[in-house]
């Protein structure tokens with residue numbers, strides 16, 4: 007049983023590192039390739055929106071490496087992948103649809119696997135008004 011647990015942990019970390027590297031690379035490509043600016047303009051997005059998406063992908067990719075923040079990063083990046091899939095569908099570019107859907111599937115697995123370790127703010131007691139004492 008311990009071997010399975012160790013294998014699962016190794017597999018999860020491998021998936022996290024690969025996903026993080028992928029999103030960091032995709033995010034960096036949005037800053038370096040003029041093709042992204044042309045694509046986003048063709049899809050009807052405002053100027054510079056590709057840079058916003060690239061920055062969010064960089065941040066999300068880095069946050070994937072922090073187990074307590076992996077679920078939140080997966081939610082952020084998953085939202086971007088849903089938007090990417092919707093954009094491709096709306097513009098009849100279904101040949102490219104498999105990439106965002108594959109990333110989305112990987113993010114769902116990562117988010118679900120790390121949900122128990124997710125960071126949650128500490129609960130504070132509510133202040134009691136002097137009139138209630």
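In my numbering, the protein residues as written are 7 to 139.
Even for Gly, the Cβ is constructed at its ideal location relative to N, Cα and C.
These numbers were taken from a predicted model, which means no experiment stands behind them.
How about residue i and residue j: do their beta carbons lie closer than 9 Å?
i          : j           : result
residue 29 : residue 109 : yes
residue 60 : residue 42  : yes
residue 77 : residue 8   : no
residue 70 : residue 35  : no
residue 84 : residue 62  : no
Using CA coordinates, which residue listed in the options is at the minimum distance from residue i?
i           : options          : result
residue 102 : 21, 90, 9, 83    : 90
residue 94  : 51, 133, 63, 134 : 51
From residue i to residue j, what distance separates their C-alpha atoms?
i           : j           : result
residue 66  : residue 82  : 7 Å
residue 114 : residue 22  : 12 Å
residue 27  : residue 116 : 14 Å
residue 128 : residue 96  : 42 Å
residue 104 : residue 92  : 12 Å
residue 54  : residue 44  : 11 Å
residue 31  : residue 11  : 30 Å
residue 13  : residue 64  : 28 Å
residue 99  : residue 133 : 55 Å
residue 80  : residue 68  : 11 Å
residue 39  : residue 57  : 11 Å
residue 16  : residue 37  : 32 Å
Note down, in chain order, each residue of its chain lying with its Cβ closer than 8 Å to the Cβ of residue i, except the 5 sequence neighbours on either side.
i          : result
residue 87 : 106, 107, 109, 110, 113
Go to residue i, then tell me how far its alpha helix (DSSP H) extends in each direction, as first and last residue.
i           : result
residue 45  : 40–48
residue 86  : 76–96
residue 56  : 55–69
residue 109 : 104–119
Leaving out five residues before and five after residue i in sequence, what residues of the same chain have Cβ atoms less than 7 Å from its Cβ?
i           : result
residue 125 : 74, 75
residue 18  : 119
residue 123 : 73, 74
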